[in-house]
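The listed protein sequences derive, respectively, from chains C and E.
Quick note: the first sequence uses full-length UniProt numbering, first residue 1, plus one each step.
Quick note: the second sequence uses full-length UniProt numbering, first residue 1, plus one each step.
Ideal Cβ positions, reconstructed from N, Cα and C, are used throughout, including at glycine.
Number of protein chains: 2
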Amino acid sequence: MELLQEKIKQNGKVLSENVLKVDSFLNHQVDPILMQAIGDEFADRFRDCGITKVLTLESSGIAPSMMTALNLGVPFVFARKRKSLTLVNDLITSEVYSFTKQETNTIAISKEFIGPSDRVLIIDDFLANGEAALGLLDLVQKAEAEAVGVGIVIEKSFQDGGKKLRNQGIQVESLAQIRSLQAGRVQFLEEVQHETTTA
Amino acid sequence: MELLQEKIKQNGKVLSENVLKVDSFLNHQVDPILMQAIGDEFADRFRDCGITKVLTLESSGIAPSMMTALNLGVPFVFARKRKSLTLVNDLITSEVYSFTKQETNTIAISKEFIGPSDRVLIIDDFLANGEAALGLLDLVQKAEAEAVGVGIVIEKSFQDGGKKLRNQGIQVESLAQIRSLQAGRVQFLEEVQHETTTA
Chain C
1 MELLQEKIKQ NGKVLSENVL KVDSFLNHQV DPILMQAIGD EFADRFRDCG
51 ITKVLTLESS GIAPSMMTAL NLGVPFVFAR KRKSLTLVND LITSEVYSFT
101 KQETNTIAIS KEFIGPSDRV LIIDDFLANG EAALGLLDLV QKAEAEAVGV
151 GIVIEKSFQD GGKKLRNQGI QVESLAQIRS LQAGRVQFLE EVQHETTTA
Chain E
1 MELLQEKIKQ NGKVLSENVL KVDSFLNHQV DPILMQAIGD EFADRFRDCG
51 ITKVLTLESS GIAPSMMTAL NLGVPFVFAR KRKSLTLVND LITSEVYSFT
101 KQETNTIAIS KEFIGPSDRV LIIDDFLANG EAALGLLDLV QKAEAEAVGV
151 GIVIEKSFQD GGKKLRNQGI QVESLAQIRS LQAGRVQFLE EVQHETTTA
């Protein structure tokens, strides 16, 4: 997705060989026009899959999920990272380890909102080691719903989350695939493929 | 806002005289078409105020803020409830006590995204005791920006958050104002005013 790649090149900050900071347009300050374009793109890629629910994890997955769900005409559910007082009964839970925060969170959804008749599209902002996406997938499976696909805004293709998901036969659509963050520079997978083709 | 009141009547669950559960359409599962209508309504009410940023608090404020910001053509920022490893420098912070969760959280925004030239619209899902809105207001003031107004999806008018904000001269726009949750029933302020008028 060209608009997203441009935004990453212009406004993303490479903090290390593993960390890309995109908090000026995706996960702290949010560019709503970009989110609309992202939602339209996810909706197009999964349009014919009979999606009944979009599922994401608070908080950075909410804006792209909002726009995807609006376009597809279905509700979305955001999994909570821990229990609140008004959300204690009939929960489905999973454990997710965050390498960034170096902590394990319980993520939870209410049984009320995802069930056996649902065809679920999982959306998240980043895919790195796959912990969050696998946790969401676990929630969908425990709910006896069908996980139709996974939509990722930015995939760090040099980490193995994408491989783990694709090896399970799941359709993973990543709008930007980052091959490396070496030497302070963002290199996209598409660029490399293009360079190879035209070399 | 009639659409919202109907949704609350049909799908809201009164758990006690203080607690209204709206997790089927606002703060766990989210109805994107309702969020679009909410965003349009907030944008209309604050259209001529020269808003440059929308500010909210993760997570339930994100969907209505997304739609408001999209309509107004400005970015939105969601304050984080605690620090993450990629968000540690140049933070503006405030303390917010949650009566629901009975805990105090530090909320934070990056100085990079809200500054002295900004005219900020604060958006949140609920207004009860006003702790969250006052915390967001504190962030705006510490950033030396101007808080133009506060947009609330559901105000519990029988608690004093709205009064605290309005006493400071801030324009507060609440799309549904709940007068009471007594006897397991949601009574809106507008209904009471209407009943009084027509009595």
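Practice task
Could you pull the start and end residues of the beta strand (DSSP E) that N71/C belongs to?
Solution key: Where N71/C is concerned, there is no enclosing beta strand (DSSP E), although the alpha helix (DSSP H) it sits in stretches over 62 to 72.
Exercise for the section: Flag I92/E as yes if its beta-carbon sits less than 8 Å from any beta-carbon of chain C, otherwise no. Expected result: With its beta carbon at least 8 Å from every one in chain C, I92/E lies outside the interface.
Exercise for the section: Could you tell me which uninterrupted beta strand (DSSP E) segments, each at least 3 residues in length, are contained entirely in the UniProt domain "Phosphoribosyltransferase" (34 to 156) of chain E, listed from first to last along the chain? Expected result: Counting only runs of 3 or more, we get 53 to 57, 76 to 79, 91 to 98, 103 to 110, 119 to 127, 146 to 156.
Problem - Cutoff 8 Å: A63/E Cβ touching any chain C Cβ - result: A63/E counts as touching chain C.
Exercise for the section: Note down, in chain order, every chain C residue with its Cβ under 7 Å from the Cβ of V153/E. Expected result: For V153/E, there are no neighbours in chain C by C-beta distance under 7 Å, as the nearest C-beta there is about 14 Å away.
Practice task
Starting from K21/E, follow its DSSP beta bridges and name the residues at the other end.
Solution key: K21/E pairs with K13/E.
Practice task
Would you please verify whether the beta carbon of L85/E is less than 8 Å from any beta carbon of chain C?
Solution key: Because L85/E carries a pLDDT of 45, less than 50, the predicted location of this residue cannot be relied on, and the following value inherits that uncertainty. Closer than 8 Å to some Cβ of chain C, the Cβ of L85/E qualifies, so yes.
Handout entry: Enclosing beta strand (DSSP E) for L26/C [first to last residue]
Key = Boundaries for L26/C: no beta strand (DSSP E) harbours it, and the DSSP string shows neither H nor E there.
Problem - 8 Å Cβ cutoff met for L20/C and L189/C - result: Contact: no.
Practice task
Would you mind stating whether V36/E and L70/C have Cβ atoms separated by less than 8 Å?
Solution key: What sits at residue 36/E in the sequence shown is Gln, not Val. Pairing Q36/E with L70/C gives a Cβ-Cβ distance under 8 Å.
Exercise for the section: Assess, as a yes-or-no matter, whether the segment 9 to 17 of chain C is touched by the segment 93 to 103 of chain E under the definition of 3 or more beta carbon pairs within less than 8 Å. Expected result: Two segments are said to touch when three or more pairs of C-beta atoms, one from each, lie closer than 8 Å; by this definition the segment 93 to 103 of chain E does not touch the segment 9 to 17 of chain C.
Practice task
Taking V77/C as the query, report the chain E residues whose CB atoms sit under 8 Å from its CB, ordered along the chain.
Solution key: Going along chain E in sequence order, the residues near V77/C (Cβ under 8 Å) are H28, Q29, V30.
Exercise for the section: Closer than 8 Å by beta-carbon distance: list the chain C residues that pair up with A69/E, in chain order. Expected result: Under the 8 Å cutoff, chain C gives V30, P32.
Problem - CB contact below 8 Å: M1/C versus chain E - result: Interface criterion not met: the Cβ of M1/C is under 8 Å from no Cβ in chain E.
Practice task
Please list, in chain order, all residues of the same chain as Q171/E whose beta carbon is under 6 Å from its beta carbon, the five residues on each side excluded.
Solution key: Within the same chain, Q171/E has close Cβ partners G149.
Problem - Bounding residues of the beta strand (DSSP E) (the contiguous stretch that carries L181/C) - result: No residue range can be given for L181/C, since it is assigned to no beta strand (DSSP E) and is classified by DSSP as neither H nor E.
Practice task
Using a Cβ cut-off of 8 Å (strictly closer), state whether S59/C contacts chain E.
Solution key: Closer than 8 Å to some Cβ of chain E, the Cβ of S59/C qualifies, so yes.
Handout entry: Backbone secondary structure at Q171/C - three-state DSSP
Key = In the structure shown, Q171/C sits in a strand (DSSP, three-state: E or B).
Handout entry: Cβ-based neighbour list, E131/C, same chain, cut-off 6 Å, excluding 5 preceding and 5 following
Key = Within the same chain, and ignoring the five residues on either side of E131/C in sequence, the residues whose Cβ sits closer than 6 Å to its Cβ are V96, Y97.
Problem - Neighbour flag for S110/C against chain E, beta carbons, 8 Å - result: Yes, its Cβ sits closer than 8 Å to a Cβ of chain E.
Exercise for the section: Closer than 7 Å, Cβ to Cβ, to anything on chain E: give me those residues from the segment 113 to 142 of chain C, in chain order. Expected result: Result list: F113.
Practice task
Compile a chain-ordered list of the residues in the segment 3 to 14 of chain C whose CB is closer than 8 Å to at least one CB of chain E.
Solution key: For the segment 3 to 14 of chain C, no residue has a beta-carbon sitting nearer than 8 Å to a beta-carbon of chain E.
Handout entry: Residue burial classification, N27/E (beta-carbon count within 10 angstroms, cutoff 16)
Key = Note on N27/E: 16 or more other CB atoms within 10 angstroms of its CB, so buried under the neighbour-count rule.
Practice task
Measure the alpha-carbon distance for K9/C versus R166/C and round it to whole angstroms.
Solution key: Each residue's Cα considered, the two are about 27 Å apart.
Problem - Same chain only: Cβ atoms within 7 Å of G184/C, ignoring 5 sequence neighbours per side - result: Within the same chain, V14 come within 7 Å of G184/C by CB-CB distance, once the 5 residues on both sides are set aside.
Handout entry: Residue burial classification, I38/E (beta-carbon count within 10 angstroms, cutoff 16)
Key = The residue is buried, with at least 16 neighbouring Cβ atoms inside 10 Å.
Problem - Neighbouring residues, chain E, relative to Q36/C (Cβ below 7 Å) - result: Within chain E, the residues near Q36/C are L70.
Problem - C-alpha distance - residue 207/C paired with I154/C, whole-angstrom precision - result: For chain C, the structure presents residues 1 to 199; residue 207/C sits outside this window and is missing.
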